[in-house]
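Take a look at the structure below.
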Amino acid sequence: MFKNMAGKFIDATVSTLPISLSVIIISLFFSDITPPMYLLFSLGSILLIVGLALFFLGMDLALAPIGREIGSHIVNKKKLWLLLIIPLLLGFIISIAEPGVSVLSGQIGGGERNLVIIYTIAGATGLFLLVSVLRIFLKIQLRYVFIVVYGIMLILAAIAQFINPDFVSVALDSGGVATGAITVPFLMAFTVGISSVAHGRTDSEGDEGFGTVALCTAGPVIIILIIALSGGLKLQEAEIIHDTILNLKDILFAFGNGFVSSFKDVALSLAPVVGIFVVFQLFALRIKKRNLIRIIIGLFYSYFGLVFFLTGVNVGFLPIGKLLGGIIAVSEYRWILVPLGALLGALIVLAEPSVHALTKQVNELTSGVLSRKTMLILLCIGVSIAVGISLLRVLTGISIWWFLLPIYGSCLLLTFFAPKLFTAIAFDSGGVASGPMTVTFALPFVIGACNAIGGNVFTDAFGIIASVTMAPILVIMITGVIYKVKVRKAELESELEKLPEVPIPEFISEPIVDYDSLPSSKVVPSIIVEFDEEEDSSESSNISSTAAESVPSIIVDFDKDDSAESSNISLSEGTASNIDSRDLTKLSNNETSSSIKDYVSNDFITSMDSIGSSKDPEGINPCDTNAHSNMIESDIEVQEEQNDTTGNKEVIQDKFGDDIQPNKDDLGSEE
148 MFKNMAGKFI DATVSTLPIS LSVIIISLFF SDITPPMYLL FSLGSILLIV
198 GLALFFLGMD LALAPIGREI GSHIVNKKKL WLLLIIPLLL GFIISIAEPG
248 VSVLSGQIGG GERNLVIIYT IAGATGLFLL VSVLRIFLKI QLRYVFIVVY
298 GIMLILAAIA QFINPDFVSV ALDSGGVATG AITVPFLMAF TVGISSVAHG
348 RTDSEGDEGF GTVALCTAGP VIIILIIALS GGLKLQEAEI IHDTILNLKD
398 ILFAFGNGFV SSFKDVALSL APVVGIFVVF QLFALRIKKR NLIRIIIGLF
448 YSYFGLVFFL TGVNVGFLPI GKLLGGIIAV SEYRWILVPL GALLGALIVL
498 AEPSVHALTK QVNELTSGVL SRKTMLILLC IGVSIAVGIS LLRVLTGISI
548 WWFLLPIYGS CLLLTFFAPK LFTAIAFDSG GVASGPMTVT FALPFVIGAC
598 NAIGGNVFTD AFGIIASVTM APILVIMITG VIYKVKVRKA ELESELEKLP
648 EVPIPEFISE PIVDYDSLPS SKVVPSIIVE FDEEEDSSES SNISSTAAES
698 VPSIIVDFDK DDSAESSNIS LSEGTASNID SRDLTKLSNN ETSSSIKDYV
748 SNDFITSMDS IGSSKDPEGI NPCDTNAHSN MIESDIEVQE EQNDTTGNKE
798 VIQDKFGDDI QPNKDDLGSE E
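The opening residue of the sequence shown carries number 148 in the numbering used here; numbering runs sequentially from there.
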């Protein structure tokens, strides 16, 4: 356990320290921040680290096992009323304990916890947890559920934009804080427990067990918009006075009040969780004593972790964030807010332990095709742009709709192209980047800048959590499409490698005639000999050799379907003539038509005559291809000797493949 605790402290330190150091370095350039404020912020950072470490440890020991055990139990009981009531109750209870919900409610509740906001978010989380459970049992594809739910959310937001625009950004941010440090592990453990029992296992290629976090993110947005449109919700910006922190006594007094308030708030938040666990343990679960002790210890860790966390946030981080944002906004370097926001966005991603867990998960799912480094770079770019855009909205007053509609529209469209598992992971990971640092520092920083320049906090400053939530969704969806294309390409290459090799006939690679040695008036044709069999013939052959394009070709077609006494000879230049097979023997005489004699030399005709005659002086069987090949090679040697004596440098080479075995009838010979 101590080793596990050390790991949690390291994670919490890595999560908090980069932001803390960046704030201290930036504040050194502005003299308006007093030393007591530095001390206040430093102590708040320490409490934040301790609180996160204890809470993460308690989450592993208590909250996640409770959710998993209860989820498995209600499925094993196979009772419909349990299936409908328990998700509603669990979602409501666990959201009340979410620290991010308390922080947001304080920002829009005049500095006090707005119970209407808290209970609305909690009730919406329970309702959409039930929707997620029903989807698992009904086996509805997640993409269709997302299209319906997020479509309703965008429609309600569009209506609210015309009636009460202040609620649009606040409602969108409420969805981001609803799925935070407590809610995400509990809900995922709950739905994984249900999915494992309902389906036996989680399909690695499907989306069972996923999507709950995404639905519980959209749920509070929808419900808050509905209540806001009905006039049942009021907003009031929190006011934090910084001038009261003048010395060490003021610092101790501020932290004392913060601890008292946090002890009470956390007790009210965790009491329903403890109560429902006690009821299930007494009447249903019957967890063994050893595991029960671990859960009790984990609940204590969770309680004190949340106390330290909320105290550090409310006393240390929120004041310095608002103060620093306001100082920069009214300075002559106000333009630096946008690049500074982008830098903070990158630090938020690098500091979030959940982000590193997400990149590891994607790397495993893609079998290393998408590395952790690539995913981390993409997420840093996405969140940096999101935070930078949020500060640009503060300076210019640009509506959030210019970014909300295109991003969510693109994400929903990509659900038809990305793999199902990537779709589920992408929408679930929306709450990953919007972790403690976004709620505790980025939001107050933007609010302080907006107040300093006289902007509308609810329309211009709020929405940063929603922007940070949208960035991972779009990045992972695009990554999923890229992964799908790469996998498809690899599959095609693998299929091509499995195809059998087709033997390619060996054709004549050298010219039949040495054209350089021919007179300019003499053109020797090339020859194409085709032997066509019927479909049931066991042997067929096609020999082709073509000379230069300027040289005409003769096609000699021996077709078995025609009469045994006929063949077809055509010229490649368009001159064609149907000649009786007896004309082949006449080609060596003067009876050949002039149109053919102009193109064919006597040597060529003599060679054709020797092939077509059945009365071979050497007694060679016309069907014996090898014998014919030897005979032709001998004729070529004789022809070369004649060319040497006459000065003619013609070199005739002819070659028949071993697979060509013409029939006797095909050669047009007479018995």
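Just so it is clear, CB atoms sit at the ideal spot from N, CA and C, and this is done for glycine as well.
Note on geometry: alpha-carbon atoms of I524 and L490 lie some 13 Å from one another.
Excluding the 5 residues flanking it on each side, A571 has same chain C-beta neighbours closer than 7 Å at L289, D354, F357, G358, in chain order.
Three or more Cβ pairs closer than 8 Å define a contact, and the segment 293 to 303 falls short of that threshold against the segment 242 to 253. L539 and V426 have their C-alpha atoms spaced approximately 50 Å apart. For T570, the enclosing alpha helix (DSSP H) stretches over residues 567 to 575.
Judged by their CB atoms, M624 and C558 are nearer to each other than the 8 Å cut-off.
Rounded to whole angstroms, the separation of the alpha carbons of Y630 and Y555 is 21 Å.
I306: member of the alpha helix (DSSP H) spanning 289 to 310, first to last residue.
Classified as exposed, R437 has fewer than 16 neighbouring CB atoms from the shown chains inside 10 Å of its CB. Taking 8 Å as the cut-off, the Cβ atoms of I370 and G270 count as close. When the beta-carbon positions are compared, V462 and A375 stay at least 8 Å from each other. When Cβ pairs closer than 8 Å are counted between the two stretches, the segment 636 to 644 is seen not to touch the segment 593 to 603, the count staying below three. Nearest to K286 by alpha-carbon distance, out of P486, V534, G205, I341, is I341.
In the structure shown, the three-state DSSP call for I180 is coil. Look at the segment 464 to 501 and you find these whole runs of alpha helix (DSSP H), each 4 residues long or longer: 465 to 477, 484 to 498. Separation of N151 and P312 (C-alpha to C-alpha, rounded to the nearest whole angstrom) is 46 Å. Taken through DSSP and simplified to helix, strand or coil, F588 comes out as helix. In terms of Cα proximity to I294, the closest of I243, A365, Q254, A336 is A365. The C-alpha of F203 is placed about 13 Å away from the C-alpha of P212. For F314, same chain residues with a beta-carbon under 6 Å away, outside a window of 5 residues either side, are A307, A375 in chain order. In this structure, L208 places its C-beta atom within 8 Å of the C-beta atom of G445. Going by beta carbons, G273 and G459 fall outside the 8 Å limit. Annotation: the continuous alpha helix (DSSP H) that includes E644 extends over 611 to 645. The beta carbon of A325 lies closer than 7 Å to those of S242, E245, V248, I268, T272, C363, T364, P367 in the same chain, with the five residues before and after it left out. From the listed residues L237, S518, S581, the smallest Cα separation to L334 is found for L237. Nearest in C-alpha terms to L382, of all of L235, N223, I173, L262, is L262. Spatial neighbours of V278 in its own chain (CB-CB distance under 7 Å, excluding positions within 5 residues in sequence) are listed in chain order as L362.
Note on K155: 16 or more other CB atoms within 10 angstroms of its CB, so buried under the neighbour-count rule. Secondary structure of T562 (DSSP, three-state): coil. Under the DSSP assignment, R441 falls in the alpha helix (DSSP H) whose first and last residues are 436 to 458.
Between T616 and G577 the beta-carbon gap is near 4 Å, inside 8 Å, which marks them as a contact. Across the structure, P466 and K226 are spaced so that their CA atoms are roughly 50 Å apart. For S449 against G218, the beta-carbon gap comes to about 19 Å, at or over 8 Å, which does not count as contact. Membership of V534 in the alpha helix (DSSP H) is indicated by the continuous run 519 to 543. Assignment of A269 by DSSP, reduced to helix, strand and coil, places it in the helix class.
Bounds of any alpha helix (DSSP H) do not take in S581, whose DSSP letter is neither H nor E.
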